[in-house]
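Sequential numbering from 0 applies to the sequence shown in numbering that gives the first Met the number 0.
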Amino acid sequence: MRLFKFLFCIVFLFISCGSEPEKEPVKVNKNIDKELNVDQEGLYSFNSSKTKIIWNGFKTTDRIKVTGQFESFKSSRDGLEYNTLEELVNGLDFSISTASSVSGDPVRDMNLKDYFFRQLTKNFTLNGTLGFPKGGSIPVTFNTLLGSKTVDLDFTFENNLVEIKGILDIGVDLGGVLAYDSIHEKCEQLHTGGDGVSKTWTEVEVLVKVPISRN
Numbered sequence: 000m001r002l003f004k005f006l007f008c009i010v011f012l013f014i015s016c017g018s019e020p021e022k023e024p025v026k027v028n029k030n031i032d033k034e035l036n037v038d039q040e041g042l043y044s045f046n047s048s049k050t051k052i053i054w055n056g057f058k059t060t061d062r063i064k065v066t067g068q069f070e071s072f073k074s075s076r077d078g079l080e081y082n083t084l085e086e087l088v089n090g091l092d093f094s095i096s097t098a099s100s101v102s103g104d105p106v107r108d109m110n111l112k113d114y115f116f117r118q119l120t121k122n123f124t125l126n127g128t129l130g131f132p133k134g135g136s137i138p139v140t141f142n143t144l145l146g147s148k149t150v151d152l153d154f155t156f157e158n159n160l161v162e163i164k165g166i167l168d169i170g171v172d173l174g175g176v177l178a179y180d181s182i183h184e185k186c187e188q189l190h191t192g193g194d195g196v197s198k199t200w201t202e203v204e205v206l207v208k209v210p211i212s213r214n
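Structure, rendered in structure tokens:
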């Protein structure tokens, strides 16, 4: 019996101390970065001076388009680098100088400054914040003299270019009823069409183009 126990212990020790069964090599998923939405091209950043903010207003019943853009745009995130585009965009603050609006007509620009933007923004500055982009849209909050308004605009990112666009109603989305009444009264004759009707449309098309740098 003792001999049996002795042999059993030797076999047990041999099994316990023996090499483990060979394991299959671990396969590395080369697509793991894609699954985790990790982009290896570099960090995300942007330059405020390269950002374009274009607007289209409309006048007369024929809906004649008037195009302009803001030449001064600032953000505290200018030049800062983020791991993802969402991190860069979500919570991004912006400041637009409404006095920098140019349309190619000095008289129109002065009228917009004195009779529209003066009634809409404090010190000719339109502040706001971007929200989290999702499903092709992004919430944008605008701060005017009448308070804060948040609207959803279209959001796309292709070829390292962010585009935010949509239609804003001056009264509903910006709370700018007084500003609208002011510019409409000032430009009543200028906004009169061949039918003798003066019309200033409340809808404004906006398009923001932001080139994104990858470092």
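Here a beta-carbon is modelled for each residue, glycine too, at the ideal position from N, C-alpha and C. Keep in mind it's a predicted model, so treat the numbers as computed, not measured.
{"Asked": "Residue of T120, K49, I63, G56 minimising C-alpha distance to D77", "Found": "K49"}
{"Asked": "K198 (DSSP reduced to helix, strand or coil)", "Found": "coil"}
{"Asked": "Per-residue burial, F131 [other beta carbons within 10 Å of its own, 16 or more giving buried]", "Found": "exposed"}
{"Asked": "Pick from G90, V209, L145 that is closest to V161, judged by C-alpha positions", "Found": "V209"}
{"Asked": "Cβ pair G174, T199 closer than 8 Å", "Found": "no"}
{"Asked": "Residues near V196 in its chain [Cβ-Cβ closer than 7 Å; skip 5 each side]", "Found": "T60"}
{"Asked": "Euclidean distance between Cα positions of L111 and V88", "Found": "30 Å"}
{"Asked": "Terminal residues of the alpha helix (DSSP H) in which L173 lies", "Found": "Careful: L173 lies outside any alpha helix (DSSP H) and carries neither H nor E."}
{"Asked": "Beta-carbon contacts of L206 that lie in its chain and below 6 Å, excluding the five residues immediately before and after", "Found": "I53, K164"}
{"Asked": "contact_flag[the region 102-111, the region 140-155] where n(CB pairs < 8 Å) is 3 or more", "Found": "no"}
{"Asked": "6 Å Cβ shell around K185 - same chain, five flanking residues per side excluded", "Found": "N110, Y114"}
{"Asked": "Uninterrupted beta strand (DSSP E) stretches inside the region 49-89 (no shorter than 3 residues)", "Found": "51-58, 63-69"}
{"Asked": "P20, buried or exposed, once every other Cβ within 10 Å from all chains shown has been counted against 16", "Found": "Reliability fails at P20, whose pLDDT of 47 lies under 50, so the model's placement of it is uncertain and the value that follows must be treated cautiously. Under this definition P20 is an exposed residue."}
{"Asked": "Residue of R213, S212, G193 minimising C-alpha distance to R62", "Found": "G193"}
{"Asked": "6 Å Cβ shell around L125 - same chain, five flanking residues per side excluded", "Found": "I95, T97"}
{"Asked": "Close-in-space but distant-in-sequence residues of the same chain around D172 (CB under 7 Å, 5 per side omitted)", "Found": "K148, V150"}
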